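Okay, structure first, notes after.
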Amino acid sequence: PCQSFRWPGACLVMPSHQMSPSSVRAQLVKMVSCAIAFIAFGLVATLVPGVTTQVATFQIINGLGLYNTIWAGVLLFAGTDIVSIYIFWQFMRSIPRALDEAATLDGAGHLRIFFRIILPNLKPAIATVVIIKGIAIYNEFYIPYLYMPDHKTIATSLFAFKGPFGSQWEVICAGIVII
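For the sequence shown, the positions run 237 to 415 when the numbering used here is used.
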């Protein structure tokens, strides 16, 4: 297993003068074990409900000075979805390695391979993640209500029609139909 969790790239570093076939095999085993450990950590992290971390999250957002700004929502929604990571990971596994190898033989560098071959092939996965995250953000109530009280969203605006002495259900239902 990976011995260095301080810097994830440390699992990939190996001096070039030690590149015998057995050391390459050992390095590949080390990389695979690091990847498995990373995925296992991600899966275990999904078992922890998000509400249990809200006090610490609120303190971080407040400490960064992002409370009651739109940037609090942007930061909290950016890249915090394990489903999106899983969609990209599965889609990347379906792209044939022969495309990378052919581009390398043609003289393309890493960035050119990514932007000219990998990224265009990721368009369906990108569209899927944008749709899923877009709907989730559009329907979100908790984060805008807690972190951005002055910035009203549709969900928090509908909540304004529910009061301590009753609710205006006809207005709430009309708003839901419009949404």
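The beta carbon of each residue, even a glycine, is placed where N, CA and C say it ideally should be. Note that the structure is predicted; figures quoted are calculated from it, not measured.
- For Lys398, the secondary structure class from DSSP, reduced to helix, strand or coil, is strand.
- If you ignore the 5 residues before and after Thr364, its C-beta comes within less than 8 Å of the C-beta of Ile323, all in its own chain and listed in chain order.
- Residue environment analysis places Met384 among the buried positions, since at least 16 neighbouring C-beta atoms fall within 10 angstroms of its C-beta.
- Ranked by Cα distance from Pro332, the options Ile353, Ala391, Ile362 and Thr282 are led by Ile353.
- The segment 370-380 makes no contact with the segment 339-355: fewer than 3 CB pairs, one atom from each, lie closer than 8 Å.
- Beta-bridge partners of Ser269 (DSSP): none assigned.
- Listed as beta-bridge partners of Ser393 by DSSP are no residues whatsoever.
- When only Cα atoms are considered, Lys388 and Leu335 end up about 47 Å apart.
- In the DSSP annotation of this structure, Ile353 is not part of any alpha helix (DSSP H), being labelled neither H nor E.
- In this model, Phe395 and Gly286 are separated by some 22 Å (Cα to Cα).
- Short of 7 Å from the beta carbon of Ser403, and not among the five residues preceding or following it, lie these beta carbons of its own chain, in chain order: Phe397.
- By the neighbour-count definition (other C-beta atoms within 10 Å, threshold 16), Cys270 is a buried residue.
- Residue Tyr381 holds the alpha-carbon nearest to the alpha-carbon of Thr305 among Val413, Ile412, Arg329 and Tyr381.
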